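Colleague: Under our numbering, the first residue of the sequence shown carries the number 4, and numbering increases by one thereafter.
Glycine residues also receive a C-beta, built at the ideal position from the N, C-alpha and C atoms.
Please read all numbers here as calculations on a predicted model, not as lab measurements.
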Amino acid sequence: MVSSPSLWRPPVPIKDAIEQDAITPFPKPEAPEEEEEESQGDRDRRLMSSLPVKVYGERRYLEYQATWWPESAVQAVIAIQRRFRPRPSDVLLASYPKSGTTWMKALVFAIMSRKVYPLRDHPLLRLNPHDCVVHLSGAYATGKEAVVEALPSPRIMAVHMPFSTLPASVVVDSSSGCKIVYVWRDPKDVLVSLWHYYRKLRPEEAHVSEFHDLYESFCQGDTVFGPWWDNVLGYFRASVEMPTRVLFLRYEDMLEDTASAVVAIANFVGCPFSAEEERAGIVDAIVKLCSFEELKNLDTNMSGSNGHLIKLPSSSYFRKGVAGDWVGHMTREMADRIDSIVQGKFQGSGLEIKRAST
Numbered sequence: 004m005v006s007s008p009s010l011w012r013p014p015v016p017i018k019d020a021i022e023q024d025a026i027t028p029f030p031k032p033e034a035p036e037e038e039e040e041e042s043q044g045d046r047d048r049r050l051m052s053s054l055p056v057k058v059y060g061e062r063r064y065l066e067y068q069a070t071w072w073p074e075s076a077v078q079a080v081i082a083i084q085r086r087f088r089p090r091p092s093d094v095l096l097a098s099y100p101k102s103g104t105t106w107m108k109a110l111v112f113a114i115m116s117r118k119v120y121p122l123r124d125h126p127l128l129r130l131n132p133h134d135c136v137v138h139l140s141g142a143y144a145t146g147k148e149a150v151v152e153a154l155p156s157p158r159i160m161a162v163h164m165p166f167s168t169l170p171a172s173v174v175v176d177s178s179s180g181c182k183i184v185y186v187w188r189d190p191k192d193v194l195v196s197l198w199h200y201y202r203k204l205r206p207e208e209a210h211v212s213e214f215h216d217l218y219e220s221f222c223q224g225d226t227v228f229g230p231w232w233d234n235v236l237g238y239f240r241a242s243v244e245m246p247t248r249v250l251f252l253r254y255e256d257m258l259e260d261t262a263s264a265v266v267a268i269a270n271f272v273g274c275p276f277s278a279e280e281e282r283a284g285i286v287d288a289i290v291k292l293c294s295f296e297e298l299k300n301l302d303t304n305m306s307g308s309n310g311h312l313i314k315l316p317s318s319s320y321f322r323k324g325v326a327g328d329w330v331g332h333m334t335r336e337m338a339d340r341i342d343s344i345v346q347g348k349f350q351g352s353g354l355e356i357k358r359a360s361t
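Right under this line is the structure:
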């Protein structure tokens, strides 16, 4: 355990940062005057009380900026929009839930930390990827904003927020320098992975017990974090408009050629591999370190729990990690319906989906 923030070697695993917070107080953001804080809090409460609500079982969801959010996340999103200040070296990992977030966290953390931590003694061997890369809204929702602020550069942070809801400080201010790596996945596999996740998250709630119910909600775009196609298209269009700031990756392509994806990510975030590193096999070593089987079978990912707002077994983040798992959960007609909906939503965008062929 390091003794003070000044001795940290970036990038710092967020779990180590939080544990350090218990020992050495972090500098807190300058607080506004009490009267203003109260008035802002009142405004936030009025805003949240005015938002549309829907209830599933015992859980409430609020609609904010055309997106449905878990109630616990809305205030965090508002706080991020108001107070988050990006740094030029920041990297945001964005994705719709269950689209390869865990794998992307591992890959980017390994890429950006390879000259700091030897791969044979890497933090990913003792920590779950979610303990290495902070989920931004989860940190804000649980009072860890100061930890995020105190992290040394470069910071790696993950979000599920649609591009349209990201802070203006990130998307409007071109001088921020903050880069975004977005990964998208076949929506049919996303749906299947979401269903398995929800069953682990709240098995007592009947509305998630039937796959068909979630399937219908998904097809109608009635899902948390907004319709899947809106989330994907938002980042795709941003990558076309700002190719030096948004990298758009397809999960299935990464599975087919992970080494090329690792090199592309490294180039994009400003940590390119040297010829010497490539000759030494560092790219392949990172691919192996972050492979599904390697991560899944580590002791740290086979036991314990993880999560800011809701604790889940660490093993729940490593189910299959394959392409085409939807085949065992839906008929060809169901698959064709999703593909047709998505094809219609993507029409004219320049983005295409590979239709079901299995």
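(1) Could you give the C-beta distance for residue 286 and residue 276, rounded to a whole number, given that I count them as a contact under 8 Å?
(2) With a CB to CB cut of under 7 Å and the five nearest residues on each side skipped, what residues in its chain are close to residue 237?
(3) Enumerated in chain order, which unbroken segments of the alpha helix (DSSP H) with a length of 4 residues or greater are wholly contained in the segment 93 to 151?
(4) Terminal residues of the continuous beta strand (DSSP E) containing residue 245?
(5) State the DSSP-derived secondary structure class of residue 168, mapped to helix, strand or coil.
(6) Smallest Cα separation from residue 47: which of 160, 82 and 356?
(7) Among the residues of its own chain, which have a CB less than 6 Å from the CB of residue 195, if the five just before and after it don't count?
(8) Give the straight-line distance between the Cα atoms of residue 220 and residue 278, rounded to the nearest whole angstrom.
(9) So what does residue 161 bridge to, in DSSP terms?
(10) Between residue 122 and the rest of its own chain, which residues show a CB-CB distance below 8 Å, the 5 nearest in sequence each way excluded?
(11) How many angstroms separate the CA atom of residue 51 from the CA atom of residue 247?
(12) Which residue from 153, 182, 70 and 169 puts its Cα closest to that of residue 16?
(13) Could you have a look at residue 90 and say whether DSSP puts it in helix, strand or coil?
(14) Between residue 262 and residue 249, how many whole angstroms is the CB-CB distance? I'm expecting something under 8 Å.
(15) Quick one: Cα of residue 134 to Cα of residue 224, how far?
(16) Does residue 339 pass the burial test, meaning 16 or more other C-beta atoms within 10 Å, or should it be called exposed?
(17) Among 201, 124 and 111, which has the Cα closest to the Cα of residue 266?
(18) Measure the C-alpha to C-alpha separation of residue 341 and residue 182 and round it to an integer number of angstroms.
(19) Would you kindly check if the distance between the Cβ of residue 254 and the Cβ of residue 186 is under 8 Å?
(20) Identify every residue that forms a DSSP beta bridge with residue 66.
(21) Any idea what DSSP makes of residue 191, helix, strand or coil?
(22) Tell me whether residue 56 is buried or exposed, calling it buried when 16 or more other Cβ atoms sit within 10 Å of its Cβ.
(23) Quick test of your reading: residue 100 and residue 179, contact by CB under 8 Å. State the CB separation rounded to the nearest angstrom.
(24) Under the rule that 16 or more other beta-carbon atoms within 10 Å means buried, what is residue 191, buried or exposed?
(25) Could you tell me the distance, in whole angstroms, from the CA atom of residue 37 to the CA atom of residue 150?
(26) Which whole-angstrom value describes the C-beta separation of residue 348 and residue 198, a residue pair presumed to lie in contact below a C-beta threshold of 8 Å?
(27) Is the distance from the Cβ of residue 161 to the Cβ of residue 75 below 8 Å?
(28) Could you check how far apart the C-beta atoms of residue 126 and residue 108 are, in whole angstroms? I think they sit under 8 Å.
(29) Where does residue 356 sit, in a helix, a strand or coil, going by DSSP?
(30) Distance check for residue 355 and residue 260, CA to CA, integer angstroms please.
Modeller: Looking at the atomic coordinates:
(1) By 1-based counting over the sequence shown, the position of residue 286 is 283. By 1-based counting over the sequence shown, the position of residue 276 is 273. Indeed they touch by this definition, with Cβ atoms about 6 Å apart.
(2) Stepping through the sequence shown from its first residue, residue 237 is reached at position 234. The beta carbon of residue 237 is closer than 7 Å to those of 165, 166 and 167 in its chain, skipping five residues each way along the sequence.
(3) List check, alpha helix (DSSP H) in window: 104 to 116, 132 to 135 and 139 to 144.
(4) Counted from its first residue, the sequence shown places residue 245 at position 242. It is not in any beta strand (DSSP E) - residue 245 carries neither H nor E in the DSSP assignment.
(5) As a working note, residue 168 is residue 165 in the sequence shown. Residue 168 falls in the helix class under three-state DSSP.
(6) Locating residue 47 in the sequence shown gives position 44, counting from the first residue. Of the candidates 160, 82 and 356, the residue whose Cα lies closest to the Cα of residue 47 is 82.
(7) Start at 1 with the first residue of the sequence shown, and residue 195 comes out as number 192. The answer, listed in chain order, is 328, 329 and 332.
(8) Working through the sequence shown from its first residue, we reach residue 220 at position 217. Working through the sequence shown from its first residue, we reach residue 278 at position 275. Residue 220 and residue 278 have their C-alpha atoms some 49 Å from each other.
(9) Here residue 161 refers to the residue found at position 158 of the sequence shown. Its beta-bridge partners are 96 and 138.
(10) The sequence position of residue 122 within the sequence shown is 119, counting from 1. Hits under 8 Å: 113, 285, 288, 289 and 292.
(11) Locating residue 51 in the sequence shown gives position 48, where the first residue counts as 1. Locating residue 247 in the sequence shown gives position 244, where the first residue counts as 1. Rounded to whole angstroms, residue 51 and residue 247 show a C-alpha spacing of 36 Å.
(12) Locating residue 16 in the sequence shown gives position 13, where the first residue counts as 1. Ranked by Cα distance from residue 16, the first of 153, 182, 70 and 169 is 153.
(13) On the sequence shown, residue 90 is found 87 positions in, with the first residue counted as 1. Look at residue 90 here: in three-state DSSP terms it is coil, with no helix or strand label.
(14) Position 259 of the sequence shown holds residue 262. Position 246 of the sequence shown holds residue 249. Not quite, the Cβ-Cβ distance comes to about 22 Å (not below 8 Å), so this is no contact.
(15) Residue 134 sits at position 131 when you count from the first residue of the sequence shown. Residue 224 sits at position 221 when you count from the first residue of the sequence shown. If I take the Cα positions, the gap works out to 31 Å.
(16) Taking the first residue of the sequence shown as 1, we reach residue 339 at position 336. Burial check for residue 339: the Cβ neighbour count within 10 Å stays below 16, so the residue is exposed.
(17) The residue you call residue 266 lines up with position 263 of the sequence shown. The shortest C-alpha separation from residue 266 is found at 111.
(18) By one-based count along the sequence shown, residue 341 stands at place 338. By one-based count along the sequence shown, residue 182 stands at place 179. Cα to Cα, the separation comes out at about 31 Å.
(19) Numbered from 1 along the sequence shown, position 183 holds the residue referred to as residue 186. Numbered from 1 along the sequence shown, position 251 holds the residue referred to as residue 254. Contact: yes.
(20) Residue numbering aside, residue 66 sits at position 63 when the sequence shown is read from its first letter. When DSSP reads this structure, residue 66 sits in a beta bridge with 71.
(21) The sequence position of residue 191 within the sequence shown is 188, counting from 1. Three-state result, residue 191: helix.
(22) By one-based count along the sequence shown, residue 56 stands at place 53. By the 10 Å Cβ count, residue 56 comes out exposed.
(23) If you number the sequence shown from 1, residue 100 lands on position 97. If you number the sequence shown from 1, residue 179 lands on position 176. Incorrect: roughly 25 Å between the Cβ atoms, too far for contact.
(24) Walking along the sequence shown from the start, residue 191 turns up at place 188. With 16 or more Cβ atoms within 10 Å of its Cβ, residue 191 is classed as buried.
(25) Numbered from 1 along the sequence shown, position 34 holds the residue referred to as residue 37. Numbered from 1 along the sequence shown, position 147 holds the residue referred to as residue 150. Confidence at residue 37 is low in this model, with a pLDDT of 48, below 50, so the placement of that residue should be treated as unreliable; the coordinate-derived value is given next. Answer to the nearest angstrom: the Cα atoms are 22 Å apart.
(26) As a position in the sequence shown, residue 348 is number 345, starting the count at 1. As a position in the sequence shown, residue 198 is number 195, starting the count at 1. At roughly 21 Å, the Cβ-Cβ gap does not stay under 8 Å, so residue 348 and residue 198 are not in contact.
(27) For the purposes of this step, residue 161 is taken as residue 158 along the sequence shown, with counting starting at 1. For the purposes of this step, residue 75 is taken as residue 72 along the sequence shown, with counting starting at 1. Going by C-beta atoms, residue 161 is not nearer than 8 Å to residue 75.
(28) Indexing the sequence shown from 1 puts residue 126 at position 123. Indexing the sequence shown from 1 puts residue 108 at position 105. About 12 Å separates the two Cβ atoms, so there is no contact after all.
(29) Within the sequence shown, numbered from 1, the residue matching residue 356 stands at position 353. Secondary structure at residue 356: coil, using DSSP grouped into helix, strand and coil.
(30) For the purposes of this step, residue 260 is identified with residue 257 of the sequence shown, where counting begins at 1. For the purposes of this step, residue 355 is identified with residue 352 of the sequence shown, where counting begins at 1. The straight-line gap separating the alpha-carbon atoms of residue 260 and residue 355 is approximately 19 Å.
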